[in-house]
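Asks: To convert, note that position 214 of the sequence shown is 214 in UniProt numbering; the numbers rise steadily by one, no gaps.
Positions of the beta carbon are idealized from the N, C-alpha and C atoms, including for glycine.
Can you keep this structure in mind? I'll have questions shortly.
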Amino acid sequence: MQPLEFSNGTVFSEGRHIYTISAAPGHRVYGERTPVVDGKEYREWNPNRSKLAAYIANGGKVLPIGKCSNVLYLGASSGTTPSHVSDMASEGKVYCVEFAPRMFRELVGNCSPRPNMMPILADATKPSEYQFVVGSADVVYEDVAQKNQADILADNMEVFGARYGMVAVKARSEDVAEAPKAVFRRAEERLKERGMRILDARSLEPFEDSHEMIVVEKA
Ligand SMILES: C[S@@+](CC[C@H](N)C(=O)[O-])C[C@H]1O[C@@H](n2cnc3c(N)ncnc32)[C@H](O)[C@@H]1O
Numbered sequence: 001m002q003p004l005e006f007s008n009g010t011v012f013s014e015g016r017h018i019y020t021i022s023a024a025p026g027h028r029v030y031g032e033r034t035p036v037v038d039g040k041e042y043r044e045w046n047p048n049r050s051k052l053a054a055y056i057a058n059g060g061k062v063l064p065i066g067k068c069s070n071v072l073y074l075g076a077s078s079g080t081t082p083s084h085v086s087d088m089a090s091e092g093k094v095y096c097v098e099f100a101p102r103m104f105r106e107l108v109g110n111c112s113p114r115p116n117m118m119p120i121l122a123d124a125t126k127p128s129e130y131q132f133v134v135g136s137a138d139v140v141y142e143d144v145a146q147k148n149q150a151d152i153l154a155d156n157m158e159v160f161g162a163r164y165g166m167v168a169v170k171a172r173s174e175d176v177a178e179a180p181k182a183v184f185r186r187a188e189e190r191l192k193e194r195g196m197r198i199l200d201a202r203s204l205e206p207f208e209d210s211h212e213m214i215v216v217e218k219a
């Protein structure tokens, strides 16, 4: 296993496969392979199941999540990608916001063996509802597949004082009729208007159709 240079020792690779070191050895989240190397349990991170892994597999090199990061994760679903973020931020916290009760129940189960992963049943468009639980965050990661994805990121970064943000923009959630590239440019422009510097913007194809990952820093 080789640490990916840009990842501050939080993500590893072997050939074309990507891994994180499990923060909850013995617990699988989505049937992932868990090879043990030198006494450490690694979890294979599947780019077909996670947009953050797809970003890395596509050459993304801006990864503002370190071992001690406090991450606010919007659109956690059952916790597939959040569990890898919890491996990466092993000495920090991952606040997982999800508003669908059925996904939330599965999320709670996947958070239970991971002391740094906290499930929050709330609407990501209303950060004031979970402000008292989260306090502050270093990074906001968003994957909510709904309208106004750029503003949801910017609003949460403002409320929680986050320096960095990542958003997996789904073009069809913004406008089914518009060309995806035009939707992505509009999201990037909106983030700039909201005081962000674009650090990277990268297509997630072929893993995810009509999605782009945008990584920003507060200017
Ligand atoms: C594409 S899935 C997320 C997958 C997850 N990020 C992963 O990689 O494992 C999008 C999730 O966002 C949730 N969602 C959509 N709008 C939301 C909102 N306004 N607040 C909280 N969750 C939301 C949906 O219920 C869904 O579970």
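I'd like to confirm the pairing. Which residues does DSSP put opposite glutamine 2 in its beta bridges?
Replies: Ser13
Asks: In the DSSP output, which residue or residues are listed as bridge partners for valine 169?
Replies: Glu212
Asks: DSSP has proline 119 in a bridge; who is on the other side?
Replies: Cys96
Asks: I'd like the span of the alpha helix (DSSP H) that includes valine 159, first residue to last.
Replies: 149 to 160
Asks: Can asparagine 110 and glycine 79 be called in contact, C-beta distance under 7 Å?
Replies: yes
Asks: Along the chain, where does the alpha helix (DSSP H) containing lysine 40 start, and where does it finish?
Replies: Careful: lysine 40 lies outside any alpha helix (DSSP H), inside the beta strand (DSSP E) at 40 to 45.
Asks: Tell me whether the segment 112 to 119 and the segment 137 to 153 touch, counting them as touching only if at least three CB pairs, one residue from each stretch, are closer than 8 Å.
Replies: no
Asks: Heavy atom of ligand 1 less than 6 Å from the Cβ of aspartate 151, yes or no?
Replies: no
Asks: Within the same chain, show all residues whose beta-carbon is closer than 7 Å to that of glutamate 188, passing over the 5 residues directly before and after it, in chain order.
Replies: Ile198, Ala201, Ile214
Asks: When DSSP builds the beta bridges, which residues end up paired with isoleucine 18?
Replies: Ser13, Trp45
Asks: For the alpha helix (DSSP H) that contains leucine 204, what are its first and last residues?
Replies: Per DSSP, leucine 204 belongs to no alpha helix (DSSP H) and is neither H nor E.
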